[in-house]
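These notes concern the structure reproduced below.
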Amino acid sequence: MSSVDEALGIKAVDYIALAPSIDVNLAYKWLSESVNAVKGESAGATLFYFLQMSLDKLKTDSNHKEQFIQDYLAASEYVDVALASAEKENVKKSLQGIKDNLVALFINSGTADCESLQAIYAPKVETNQNDLAYLKKVIDIMKMMKCTDSEAYLQASYYVYKMDPTPDAATGCAYQAFKKGDIDAAVKFFDEAINLESDNQNKAEKAYAAAAVLASAKKLSQARTYCQKAISYNGNYGAPYILIANLYATSPNWSDEPALNKCTYFAVIDKLQQAKAVDPSVAEEANKLIARYAAHTPQAKDLFMLGYKQGDRITIGGWIGETTTIR
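Given below as structure tokens:
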């Protein structure tokens, strides 16, 4: 970084503020040179106007779309770097404001929806299928914008996986296999992602995703195994407990006695109560399901005829094989 690069950014900001009419291309050229040299030490105003000029260019030139997205990512990254090293509260506040403005520019640009990103990146992924750095950038953008169902994301993940099997690339391949209806391949890729992943919270999320895929294919027992795996990685994760509850509820029958089959719903409620006990963020969903499933539990008189009463323990048969308490 040189003071010349920094001065170029300041010059561009002054030019935008003072010139009677702005040459957008010139302002963008100066700002781009400055920001890409000074990076995380750029002034907040320089970063903001860099993206603003990039957006103004996009308005007159649709071919600038991919570059605009790259500019947004670069500016965001540099603001994050500046935020991380800022010590004074007023500086942090100012940088946070710049960051919020960058997000607003991006969201209002019309490039921030999955359809636009798919249109931009699908052909680029094919032509850059051996460019690891480029493909990883595409994956990051798609993840950030929650476009992981997009074909471009899935294809980029596949090419990355072939060159450099990362947890995210393996996960992308898993979703691609699932989309094609190949459940076994999807689970195999999720297993790979779990093995490659070092963070237990991320391992848990990938195990849960595998469970959801298996559940969608009605592989109930296998789905439960992956839910249990997710819980073993992250004990405060409510979603796997809820999925187990729903698996049990879809398969309540294990006896010739209707009243005993209804006892399955006690085991369902056990799981839902566990979910909200370990993870308050799922309490609302768990409570709704508890209210719904409580309506399916057996009448005391029907159980009494079979020799059971409130407080007795009962083991649910079939694949569930869990012991629960009659309430």
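The numbering of the sequence shown is the UniProt record's numbering, which starts it at 1 and goes up by one. Cβ coordinates follow ideal geometry from the N, Cα and C atoms, glycine included. Since the structure is predicted, the reported quantities are computational estimates derived from the model, not experimental observations.
Check: DSSP state of T46, grouped into three classes?; Outcome: helix
Check: Using 8 Å as the threshold, is the C-beta distance between G321 and A286 below it?; Outcome: no
Check: Let's test the definition: count the other Cβ atoms within 10 Å of the Cβ of K276 and tell me whether it reaches 16, buried, or not, exposed.; Outcome: buried
Check: Determine, using beta-carbon pairs with one atom in the segment 238 to 257 and one in the segment 208 to 216, whether at least three such pairs fall under 8 Å.; Outcome: yes
Check: Check each candidate in N36, M53, K39 and name the one with the smallest Cα separation from V13.; Outcome: M53
Check: Enumerated in chain order, which unbroken segments of the alpha helix (DSSP H) with a length of 4 residues or greater are wholly contained in the segment 226 to 286?; Outcome: 238 to 249, 258 to 262, 264 to 278
Check: What's the C-alpha gap between P20 and N130?; Outcome: 47 Å
Check: Does DSSP classify I314 as helix, strand or coil?; Outcome: strand
Check: On the CB-based measure, 16 or more other CB atoms within 10 Å of its CB, does I98 come out buried or exposed?; Outcome: buried
Check: Please state whether the Cβ-Cβ distance between I326 and A294 is less than 8 Å.; Outcome: no
Check: Which residues in the same chain have their Cβ closer than 7 Å to the Cβ of F106, if we skip the five residues on either side of it in sequence?; Outcome: Y72, A112
Check: CB-CB under 8 Å to V24, same chain, minus the five flanking residues each way: which ones, in chain order?; Outcome: M53, D56, K57, T60
Check: Answer with buried or exposed for E197, where buried requires no fewer than 16 other C-beta atoms within 10 angstroms of its C-beta.; Outcome: buried
Check: How would you label S34, buried or exposed, when you count the other beta carbons within 10 angstroms and need 16 or more for buried?; Outcome: buried
Check: Using 8 Å as the cut-off, can you tell me whether the segment 253 to 264 makes contact with the segment 211 to 230, which would need three or more C-beta pairs spanning the two stretches below that distance?; Outcome: no
Check: Taking 8 Å as the threshold (beta carbon to beta carbon), is K65 in contact with chain B?; Outcome: Here there is only one protein chain, and chain B is not present.
Check: How many angstroms separate the CA atom of K309 from the CA atom of A300?; Outcome: 7 Å
Check: Jot down the residue ranges of each uninterrupted beta strand (DSSP E) in the segment 50 to 106, minimum 3 residues, whole runs only, in chain order.; Outcome: none
Check: Tell me which same chain residues have a C-beta within less than 7 Å of the C-beta of A169, skipping the five on either side of it?; Outcome: S157, V160, Y161
Check: Could you check the C-alpha separation between I194 and P167 for me, to the nearest Å?; Outcome: 7 Å
Check: Under the rule that 16 or more other beta-carbon atoms within 10 Å means buried, what is N90, buried or exposed?; Outcome: exposed
Check: Can you give me the start and stop residues for the beta strand (DSSP E) that T323 sits inside?; Outcome: 323 to 325
Check: Which of the three DSSP states, helix, strand or coil, is assigned to M145?; Outcome: coil
Check: Tell me whether E192 is buried or exposed, calling it buried when 16 or more other Cβ atoms sit within 10 Å of its Cβ.; Outcome: buried
Check: Got a sec? Which residues, its chain only, sit under 7 Å from K136 by beta carbon, not counting five neighbours each side?; Outcome: V160
Check: Can you tell me the Cα-Cα spacing of K203 and T315, whole angstroms?; Outcome: 31 Å
Check: May I have the straight-line CA-CA distance separating A186 from L247, to the nearest angstrom?; Outcome: 20 Å
Check: Would you mind reading off the limits of the alpha helix (DSSP H) that contains E151?; Outcome: 151 to 163
Check: May I have a chain-ordered list of the alpha helix (DSSP H) segments no shorter than 4 residues that lie completely inside the UniProt repeat "TPR" (167 to 200)?; Outcome: 167 to 179, 183 to 196
Check: Using the three-state DSSP reduction, which class does I10 fall into: helix, strand or coil?; Outcome: helix
Check: Mapping DSSP to helix, strand and coil, what is Q299?; Outcome: coil
Check: Starting from L306 and walking both ways along the alpha helix (DSSP H), at which residues does that stretch end?; Outcome: Taken as a continuous stretch (DSSP letters only), L306 belongs to no alpha helix (DSSP H), as it is neither H nor E.
Check: If you draw a straight line from the alpha carbon of A27 to that of A17, how long is it in whole angstroms?; Outcome: 11 Å
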